[in-house]
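Engineer: Residue numbers (the working numbering), protein chains in the order written: chain H, 3 to 245; chain V, 35 to 332; chain Y, 635 to 950. Beta carbons: idealized from backbone N, C-alpha and C, even for Gly. Quick caveat, the model's predicted, so the values are computed rather than measured.
Here you go:
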């Protein structure tokens, strides 16, 4: 097993100080791993990701990325440290063009790097190349998700975090997203995602966590979780209807 | 008569637009109504006055009432006012933001800062009206029924240049794009690696510099006094909200509309009520389309 | 000489009570409902001028000056202010807090313009005079009159205070508090939350209008220069100093801030030669402005206490 990239331990966080939604959750992700976090609505999965990304205040717990403490850092510093985050909603700038979205994603890069990564993004996601001058608002759901991911990849993160990347997408788009994530992991980027499409996500993951009421419930290898009757019954049964 | 009112309205509107840009972005990015912004206009005007006091307004160039010195004074004022704006943010508002203050606490602080800034002007320069230059100008009738002063044309031209430059900056520069990104969504901008404080700083400095220009233009047409900024405050807010906050075209169009409405209304109502027009416009916008004309909400 | 000082003190206290009434109104709007009224001077002016126009002795120069009884003026003042507050509130309360600030500021500016320009009604910059002072025939010396008015003001303020305390403990008040403290509750109540806020805003404004009527009937004349924007700032200062959310604090704040303002004004006029009176006044405002902003910076959460953190929905 490769070394741990992200280690979040005992994270307590919420939107309002004094009212945490996550009550001491822990996750870890190693290099090249795809880790999925599943659980019922309100379990605090999104909140946990936001906390790791630096968007929420962490009341207690420790978070380290590549051995470096990031729990107290501001979001822009965490990006600089190598974490990319794709929120579930509001994940592209609708008033900017695709090209501008990507450029803003590359805000921290030198001009040279930014141009190079821009080209790379267009190769990886050809549909974005075609529509590069169009406003992001004009994209379909699946295309927006591609843009959101491409945007996060501009900084070449070592860890990519995604909040429900396949929410509301057509089956073909869902497959495309998962395919892209697998390619990324193979290429060396660790992936941590929260998913409602639990079964499908676990199928492409190495490991998984089940969160409920802000706490860890189960964890283990993805195939084990998929086979575990307790997990199946409580958490996978629901999603089969919606997937 | 309407044509003259339209022209006067466009002139006033251009000035309001320049002042409204800063207010617009502050409203959008920091979500707080900066009641102190109008005092940056006043300070810009008076700082230029200081320069003029030393260097003189310059011998009138061509049909204008001033020489290059006044333009230099405007530039000098813009830089200093930008710095003043930065200082005010650093000393007052940044601390409040860091302390997790409620946006309305900041509004009250803005009130206080505005009072202090305005009264320091009174302290130093007194209440009397002052002038950049005593040169008289000939009005030209460019179109039947429309008389303009060369100074006014100059102001309009300069305002247009500034807006174009700003547009280019916002569209093509890294900082400009960061500002637009932050105007749409601060959290998303942050996870792109954009530092909120840096953008806010830029917003203040740019807003301050633009306000200074607006102040100098106001002082030129035709005089300065400590209330010039405060008298425009409502118009600035109306313009920013009318056009849609966080948008350069919004602030410009908003400003022009407010200016035109003010001046055209003079055809029917007494000049004493001129300042009430922006307020009525504001109420109308808030009733009908509170997000403004150019609103591009996600 | 001592009678002079005593008389001045009585006068001073009357003014403090008028301002205290305004501050109580603001406390209801801000302290209990979280609404930022940046146009206090405007509502105060509406009350004052309505009362003046209705009760001043008839004068062919003016449209108003209807010479109506004092109580009519007072009630009309409250009604007029309520109407203005209702209109402004209806448009802006559903929007952002700072939009209410801008709109209320706009009303204050507009009212000021009307008072200065509609000379036929308001007397313009000269104002209106010969506003009847209630029971002035009974209390015919200045001292006696001031003492009577002090008694009147104490009664009115006490009534307002107890009425407010009562209202705030009533079911209506409890809902208001819930809305203020818990944004979720406010969202759950939806449109009704709006209605409660509007009602609180209007009620607070009515107190300001009442204060306006009581002020002009004490002074006997009304002038636009008593209702300048700085008054808004002064009342806010009173609320901050006294601690918002607390009616007793509001009254105390009025006393403290007005005393400081008057004292600093007296000090400045002693130290600064009359030729520089304007500069002296500027210094006074600057000092007080600085002190208030400093207070905001040094207090850990500025205007609001811990409660606000709970009521602010950080998910935006």
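Of all the residues that make up the segment 153-170 of chain V, which are near chain Y by a beta-carbon distance shorter than 8 Å?
Structural biologist: The segment 153-170 of chain V vs chain Y, Cβ under 8 Å: 153, 154, 156, 157, 160, 161.
Engineer: Do you know whose CA, among Y:851, Y:907, Y:903, Y:926, lies nearest residue 689 (chain Y)'s CA?
Structural biologist: Here residue 689 (chain Y) refers to the residue found at position 55 of the third chain. Residue Y:851 is the option with its Cα nearest to residue 689 (chain Y).
Engineer: What does residue 217 (chain H) pair with, by DSSP beta-bridge criteria?
Structural biologist: On the first chain, position 215 is the one that residue 217 (chain H) refers to. Per DSSP, H:214.
Engineer: Give me the subset of the segment 199-228 of chain V whose CB atoms are less than 9 Å from a CB atom of chain H, sorted by chain position.
Structural biologist: 205, 208, 211, 212, 214, 215, 217, 218, 219, 221, 222, 223, 224, 225, 226, 227, 228
Engineer: With DSSP as the reference, label residue 36 (chain H) as helix, strand or coil.
Structural biologist: The sequence position of residue 36 (chain H) within the first chain is 34, counting from 1. Reduced to three states, the DSSP call for residue 36 (chain H) is strand.
Engineer: Short of 7 Å Cβ to Cβ, which residues in the segment 138-151 of chain V face chain Y?
Structural biologist: 138, 139, 141, 142, 143, 145, 146, 147, 149, 150
Engineer: Between residue 870 (chain Y) and residue 653 (chain Y), which are expected to be in contact by the criterion C-beta below 8 Å, what is the C-beta distance as a whole number of angstroms?
Structural biologist: Here the question's residue 870 (chain Y) lines up with position 236 in the third chain. Here the question's residue 653 (chain Y) lines up with position 19 in the third chain. Not confirmed; about 12 Å, so no contact.
Engineer: When DSSP labels each residue in this structure, what does residue 163 (chain H) get in the three-state scheme?
Structural biologist: On the first chain, residue 163 (chain H) is found 161 positions in, with the first residue counted as 1. The three-state reading of DSSP puts residue 163 (chain H) in strand, counting E and B together.
Engineer: Scan the segment 307-327 of chain V for residues whose Cβ lies nearer than 7 Å to a Cβ of chain Y and list them as they occur along the chain.
Structural biologist: 307, 309, 310, 313, 316, 317, 320, 321, 324
Engineer: Count the other C-beta atoms from every protein chain shown that fall within 10 angstroms of the C-beta of residue 333 (chain V), then say buried if there are 16 or more, exposed otherwise.
Structural biologist: Because chain V spans 35 through 332 in this model, residue 333 (chain V) falls outside it and cannot be assessed.
Engineer: For a cutoff of 7 Å on Cβ pairs, would you count residue 169 (chain H) as touching chain V?
Structural biologist: Residue 169 (chain H) sits at position 167 when you count from the first residue of the first chain. No, no contact with chain V.
Engineer: Could you work out which residue in Y:762, Y:749, Y:794 is closest to residue 679 (chain Y) when comparing CA atoms only?
Structural biologist: Taking the third chain and counting its residues from 1, one reaches residue 679 (chain Y) at position 45. Per the Cα distances, Y:749.
Engineer: So, is residue 242 (chain V) buried or exposed, given that buried needs 16 or more other C-beta atoms within 10 angstroms?
Structural biologist: As a working note, residue 242 (chain V) is residue 208 in the second chain. Buried.
Engineer: If I'm right that residue 719 (chain Y) touches residue 316 (chain V) with Cβ under 8 Å, what's the distance once you round it to whole angstroms?
Structural biologist: To locate residue 719 (chain Y), count along the third chain from 1; it is residue 85. To locate residue 316 (chain V), count along the second chain from 1; it is residue 282. Not confirmed; about 17 Å, so no contact.
Engineer: Spatial neighbours of residue 243 (chain H) within its chain, please: CB distance less than 7 Å, with the 5 preceding and 5 following residues excluded, ordered by chain position.
Structural biologist: As a first step, residue 243 (chain H) must be located in the first chain, where it is residue number 241. With a pLDDT of 45 at residue 243 (chain H), under the threshold of 50, the modelled position of that residue is not reliable, and the figure given next carries that caveat. If we look at residue 243 (chain H) and ignore the five residues flanking it on each side, it has no Cβ neighbours.
Engineer: Which same chain residues, not among the five before or five after residue 300 (chain V), have their C-beta less than 8 Å away from its C-beta?
Structural biologist: In the second chain, counting from the first residue as 1, residue 300 (chain V) sits at position 266. Cβ within range, chain order: 39, 308.
Engineer: Taking the Cβ atom as the reference point for each residue, do residue 287 (chain V) and residue 197 (chain V) lie within a distance shorter than 7 Å?
Structural biologist: As a working note, residue 287 (chain V) is residue 253 in the second chain. As a working note, residue 197 (chain V) is residue 163 in the second chain. The answer is no: Cβ separation not under 7 Å.
Engineer: According to DSSP, is residue 6 (chain H) part of a helix, a strand, or is it coil?
Structural biologist: Sequence index remark: in the first chain, residue 6 (chain H) carries index 4 (1-based). DSSP places residue 6 (chain H) in strand when its eight states are reduced to three.
Engineer: Count the other CB atoms within 10 Å of the CB of residue 181 (chain H); is the residue buried (16 or more) or exposed (fewer)?
Structural biologist: By one-based count along the first chain, residue 181 (chain H) stands at place 179. Sixteen is the threshold: since fewer than 16 other Cβ atoms of the shown chains lie within 10 Å of the Cβ of residue 181 (chain H), the residue is exposed.
Engineer: Listed in chain order, which residues of the segment 95-106 of chain H have Cβ atoms closer than 7 Å to some Cβ of chain V?
Structural biologist: Those residues of the segment 95-106 of chain H that come within reach of chain V (Cβ to Cβ, closer than 7 Å) are 95, 96, 97, 98, 102, 105, 106.
Engineer: Is residue 194 (chain H) helix, strand or coil when you go by DSSP?
Structural biologist: Translated into positions along the first chain, residue 194 (chain H) becomes position 192. The three-state secondary structure of residue 194 (chain H), taken from DSSP, is strand.
Engineer: For the segment 39-70 of chain V, enumerate the residues whose C-beta is nearer than 8 Å to any C-beta of chain Y, in chain order.
Structural biologist: 61, 65, 66, 67, 69
Engineer: Go to residue 228 (chain V), then tell me how far its beta strand (DSSP E) extends in each direction, as first and last residue.
Structural biologist: Walking along the second chain from the start, residue 228 (chain V) turns up at place 194. From DSSP, residue 228 (chain V) is part of no beta strand (DSSP E); its letter is neither H nor E.
Engineer: Between residue 681 (chain Y) and residue 715 (chain Y), which are expected to be in contact by the criterion C-beta below 8 Å, what is the C-beta distance as a whole number of angstroms?
Structural biologist: Start at 1 with the first residue of the third chain, and residue 681 (chain Y) comes out as number 47. Start at 1 with the first residue of the third chain, and residue 715 (chain Y) comes out as number 81. That belief holds up - the Cβ atoms of residue 681 (chain Y) and residue 715 (chain Y) are roughly 5 Å apart, short of 8 Å.
Engineer: Mind checking whether residue 77 (chain H) and residue 63 (chain H) have CB atoms under 7 Å apart?
Structural biologist: The residue you call residue 77 (chain H) lines up with position 75 of the first chain. The residue you call residue 63 (chain H) lines up with position 61 of the first chain. Contact flag unset, no.
Engineer: Could you check whether the Cβ of residue 78 (chain H) sits closer than 7 Å to any Cβ belonging to chain V?
Structural biologist: Working through the first chain from its first residue, we reach residue 78 (chain H) at position 76. It does: the Cβ of residue 78 (chain H) has a partner Cβ on chain V nearer than 7 Å.
Engineer: CB-CB under 8 Å to residue 120 (chain V), same chain, minus the five flanking residues each way: which ones, in chain order?
Structural biologist: Sequence index remark: in the second chain, residue 120 (chain V) carries index 86 (1-based). Here the set comprises 235, 238, 239, 242.
Engineer: State yes or no: is the beta carbon of residue 732 (chain Y) nearer than 7 Å to at least one beta carbon in chain V?
Structural biologist: Here the question's residue 732 (chain Y) lines up with position 98 in the third chain. True, the Cβ-Cβ gap to chain V drops below 7 Å.
Engineer: Starting from residue 64 (chain H), follow the beta strand (DSSP E) in both directions and report where the run begins and ends.
Structural biologist: Residue 64 (chain H) sits at position 62 when you count from the first residue of the first chain. Run containing residue 64 (chain H): 60-67, per the beta strand (DSSP E) assignment.
Engineer: Which residue wins for smallest C-alpha separation from residue 646 (chain Y), given the options Y:756, Y:706, Y:788?
Structural biologist: For this step, residue 646 (chain Y) is matched to residue 12 along the third chain. Comparing Cα-Cα distances from residue 646 (chain Y) to each of Y:756, Y:706, Y:788, the minimum goes to Y:788.
Engineer: Measure the alpha-carbon distance for residue 233 (chain V) versus residue 104 (chain V) and round it to whole angstroms.
Structural biologist: For the purposes of this step, residue 233 (chain V) is taken as residue 199 along the second chain, with counting starting at 1. For the purposes of this step, residue 104 (chain V) is taken as residue 70 along the second chain, with counting starting at 1. Near 30 Å, if we compare the C-alpha coordinates of residue 104 (chain V) and residue 233 (chain V).
Engineer: Report yes if the CB atom of residue 732 (chain Y) is closer than 7 Å to the CB atom of residue 67 (chain V), and no otherwise.
Structural biologist: Taking the third chain and counting its residues from 1, the one referred to as residue 732 (chain Y) is at position 98. Taking the second chain and counting its residues from 1, the one referred to as residue 67 (chain V) is at position 33. Residue 732 (chain Y) places its beta carbon less than 7 Å from that of residue 67 (chain V).
Engineer: Here's the rule: buried if 16 or more other CB atoms are within 10 angstroms of the residue's CB, otherwise exposed. What is residue 185 (chain H)?
Structural biologist: Locating residue 185 (chain H) in the first chain gives position 183, counting from the first residue. Counting Cβ neighbours within 10 Å, residue 185 (chain H) comes out exposed, since fewer than 16 surround it.
Engineer: Can residue 89 (chain H) and residue 165 (chain H) be called in contact, C-beta distance under 7 Å?
Structural biologist: Position 87 of the first chain holds residue 89 (chain H). Position 163 of the first chain holds residue 165 (chain H). Yes, they are a contact pair.
Engineer: Please state the DSSP three-state secondary structure of residue 87 (chain H).
Structural biologist: Taking the first chain and counting its residues from 1, the one referred to as residue 87 (chain H) is at position 85. Strand, per DSSP.
Engineer: Might you give, ordered along the chain, the residues of its own chain that have their beta carbon closer than 6 Å to the beta carbon of residue 131 (chain H), omitting 5 neighbours on each side?
Structural biologist: Taking the first chain and counting its residues from 1, one reaches residue 131 (chain H) at position 129. Cβ neighbours of residue 131 (chain H) beyond the five flanking positions: 124.
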